[in-house]
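These notes are about the structure you will find just below.
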Amino acid sequence: MTLDDVPRLLLPVTARGGRPAVVAHRGSSSVAPQNTLAAFESAWRAGADAIELDVHLTADRRVVVLHDDTVDETTDGTGRVADLTLGALRGLDAGASFSRAYAGQRVPTFEDVTRLVAERPGIDLLVELKGTWTADDARLVAKEVDAAGLAGRVVVQSFWPSTVAALRDAAPHLARALLLALRPDSTDELVRVCSELDVVACNPELALLGREPGLVDVLHGAGLRVLVWTADEPGEWLDLLRRGVDGVVTDRPDRLAGWLDGRLGTPGAPLAG
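Okay, here's the thing in structure tokens:
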């Protein structure tokens with residue numbers, strides 16, 4: 686992919702004047718219930734460059750937006766997402782446990798989210814497929830992206846190489862990324878896997894950079910973008926800015942956007958602590 690045909694989320698930080706993309710983790714999840722339309726709307730209003738979210742398949746093979754394998758933590762229901770129909774999921778409250786002000790928020794379908802984003806310019810989607818998906822499964826995600834006309838505004842990703850491979854085979858027109866939490870056996874092996882999967886980004890956990898301080902440079906050297914998750918404090922943001930990462934995934938997109946405005950509002954501003 687060239688710079689002309691990738692989502693703006695994947696523009697290198699050098700093309701952004703040194704400003705990394707602000708990626709709202711599960712939406713603006715510090716002020717609204719995670720992975721709900723309220724959190725996604727809040728992220729857009731906060732000026733985020735992209736929304737990160739998680740998808741699963743229901744028992745009747747509908748793509749829904751939820752982080753965990755079960756609904757227990759974020760709704761008033763119980764059970765595995767894969768064992769519940771969309772109708773059953775729709776009956777759950779996904780907001781009241783966060784705040785009574787959000788009572789009545791529902792688990793959104795991925796179609797709900799693509800419709801919302803299609804109507805709100807200037808924001809991309811970073812979509813994590815949870816667990817292992819087949820190519821037939823992955824086509825269900827691609828179908829919703831294409832129906833909303835969002836192929837140029839979506840990046841799909843997974844921790845599982847087999848799922849990324851399924852995305853490559855099912856929807857080669859969508860930009861892909863590999864998520865990374867564990868320290869790789871070797872950076873050469875990591876770069877090889879990324880090449881085989883034909884990803885455009887490799888997105889490591891924040892803590893991993895402490896154990897692999899040269900990882901960002903290695904990935905950039907391989908032509909990959911680097912979106913780091915999840916950083917919520919100014920000290921972390923400053924460290925990532927100095928490392929030259931291409932994007933920062935955060936629960937506080939409003940604060941990060943404001944922090945970047947203050948630090949990079951003047952071209953050439955020093956990166957003081």
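Under our numbering, think of the first position of the sequence shown as 686, with each following residue one higher. Glycine included, each C-beta is placed from N, C-alpha and C at the ideal position.
Span separating the alpha-carbon of residue i from that of residue j
i: Pro692; j: Asp809; result: 7 Å
i: Pro938; j: Gly732; result: 8 Å
i: Thr755; j: Ala709; result: 22 Å
i: His858; j: Val698; result: 23 Å
i: Gln790; j: Thr759; result: 11 Å
i: Arg910; j: Pro889; result: 11 Å
i: Gly703; j: Ala744; result: 44 Å
i: Leu695; j: Leu774; result: 33 Å
i: His741; j: Val716; result: 23 Å
i: Gln842; j: Ala786; result: 32 Å
i: Leu894; j: Trp922; result: 13 Å
i: Lys828; j: Asp761; result: 30 Å
i: Val885; j: Ala850; result: 13 Å
i: Ile942; j: Ala892; result: In the sequence under discussion, the amino acid at residue 942 is Ala, which differs from the Ile named in the question. Ala942 and Ala892: Cα-Cα distance of roughly 22 Å.
i: Arg927; j: Pro898; result: 12 Å
i: Phe795; j: Arg730; result: 20 Å
i: Glu918; j: Ser784; result: 23 Å
i: Leu777; j: Ala856; result: 32 Å
i: Asp739; j: Leu852; result: 15 Å
i: Gly807; j: Ala767; result: 33 Å
Reference residue i, options the options, closest by Cα
i: Leu882; options: Pro919, Asp854, Pro869 and Val812; result: Asp854
i: Ala723; options: Leu801, Thr817 and Leu949; result: Leu801
i: Val901; options: Leu875, Leu941, Glu918 and Asp745; result: Leu875
i: Ser782; options: Asp757, Ala773 and Arg775; result: Asp757
i: Ser880; options: Gly899, Pro898 and Leu904; result: Leu904
i: Ala779; options: Leu925, Leu912, Asp768 and Asp753; result: Asp753
i: Arg940; options: Leu825, Tyr787, Ala728 and Thr721; result: Ala728
i: Leu811; options: Ala832, Leu864 and Ala767; result: Leu864
i: Leu814; options: Gly776, Arg927, Val933 and Glu737; result: Glu737
i: Thr935; options: Arg927, Trp944 and Arg928; result: Trp944
i: Asp797; options: Val766, Gly906 and Glu726; result: Glu726
i: Gly908; options: Pro869, Arg877 and Trp914; result: Arg877
i: Asp873; options: Arg896, Leu852 and Gly906; result: Gly906
i: Arg896; options: Pro869, Gly920, Cys887 and Val830; result: Pro869
For residue i: DSSP bridge partner residues
i: Pro889; result: Leu865
i: Gln719; result: Gln719 pairs with nothing; no bridge assigned.
i: Arg910; result: Ala886
i: Ile736; result: Ala709 and Leu810
i: Thr935; result: Ala709
i: Thr755; result: Arg765
i: Gln842; result: Glu813 and Ala862
i: His741; result: Val749
i: Thr794; result: Val749
Residue i, buried or exposed, once every other Cβ within 10 Å from all chains shown has been counted against 16
i: Arg861; result: buried
i: Thr848; result: buried
i: Glu804; result: exposed
i: Gly712; result: buried
i: Ala823; result: buried
i: Asp946; result: exposed
i: Ala916; result: buried
i: Leu867; result: exposed
i: Thr951; result: Because Thr951 sits at a pLDDT of 41, beneath the cut-off of 50, its placement in the model cannot be relied upon, and the following sentence gives the value as read from the coordinates. So Thr951 counts as exposed.
i: Arg838; result: buried
i: Asp821; result: exposed
i: Thr763; result: exposed
i: Ser871; result: exposed
i: Ala833; result: buried
i: Pro718; result: buried
Expected contact under 8 Å - CB spacing of residue i and residue j to nearest Å
i: Ala700; j: Asp734; result: Not really, about 13 Å apart at Cβ, beyond 8 Å.
i: Leu769; j: Arg747; result: Not quite, the Cβ-Cβ distance comes to about 10 Å (not below 8 Å), so this is no contact.
i: Trp845; j: Thr817; result: 5 Å
i: Val840; j: Pro793; result: With 8 Å as the limit, Val840 and Pro793 do not qualify as a contact, their Cβ atoms being about 19 Å apart.
i: Leu932; j: Leu949; result: One point to set straight first is that residue 932 is Gly, not Leu, in the sequence displayed. Rounded, the Cβ-Cβ distance is 14 Å, inconsistent with contact.
i: Thr799; j: Leu835; result: 6 Å
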